[in-house]
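Quick note: to get this note's numbering, add 43 to the position in the sequence shown (first position is 1). Note that beta-carbon positions come from the ideal geometry of N, C-alpha and C, so glycine has one too. Input: a single structure, listed below in structure tokens.
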Amino acid sequence: MKEATEIKVQAHVDQFKRELTREVMVMAQDVGRLHKERQAVEQQIADLFAFYSAQKQKQQSNMVN
44 MKEATEIKVQ AHVDQFKREL TREVMVMAQD VGRLHKERQA VEQQIADLFA
94 FYSAQKQKQQ SNMVN
């Protein structure tokens, strides 16, 4: 009886490990995806600032002329 209980507990532990591993892998993929999305957004912001700066300089040079 004791051995059967130990085997059953071990089976539950093994199943839990598999499920937890699967969840951790999914979360790691999500973190990777979010990291890439963040980098893309940061690049878009940098591009917008560069565009704004160029337009501002263009307007200032047109005002001087």
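Could you give the residue range of the alpha helix (DSSP H) that holds residue 106? It spans 45-107 - the alpha helix (DSSP H) in which residue 106 sits, taken as one unbroken run.
Straight-line Cα distance separating residue 90 from residue 82: 12 angstroms
In whole angstroms, what is the alpha-carbon distance linking residue 74 and residue 64? 15 angstroms
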